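All residue numbers for the sequence shown refer to my numbering, where the first residue is 1 and numbers rise by one.
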Amino acid sequence: MWAYEYERLTNAAEEPNYNPHAHENDVYDAQQLIYLAHPELHFLTCDRGFRKAAASPQYSRIHWEPVHIFQNPAQATRVIESIVNAAAP
């Protein structure tokens, strides 16, 4: 979460016309990253904003898939199974 927030604030500071209302979802995204404090958990999302967490050691446990994957139960199941199987000891 710290790496995400740092990147978010750095980006905002560098943008002269930064509009915080256009990025209201960022606060919610940051709070979701608290979930990754547990080292065995993974986070599956279609939100590309989590790229801001690239400097985080938890970044490898954030899995991005396009929205259409979540709209198809068979595809979503395959993605979830691949994450679970890769994480299994």
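Note that beta-carbon positions come from the ideal geometry of N, C-alpha and C, so glycine has one too.
No experiment lies behind these values; they were computed from the predicted model shown.
*Should Arg78 be listed as close to the ligand PLP, given that the test is whether its C-beta is under 7 angstroms from any heavy atom?*
Summarising the ligand content, the structure contains no ligands, and the ligand PLP is consequently not present.
*Terminal residues of the alpha helix (DSSP H) in which His68 lies*: Val67 to Phe70
_Going by C-alpha to C-alpha distance, which of Val67, Leu44, Gln71 and Tyr59 sits closest to Ser82?_
Leu44
*Whose CA, out of Ala87, Gln58, Glu14 and Val84, lies closest to the CA of Ala30?*
Gln58
*Closest by CA to His38, which one among Met1, Val67 and Ala13?*
Met1
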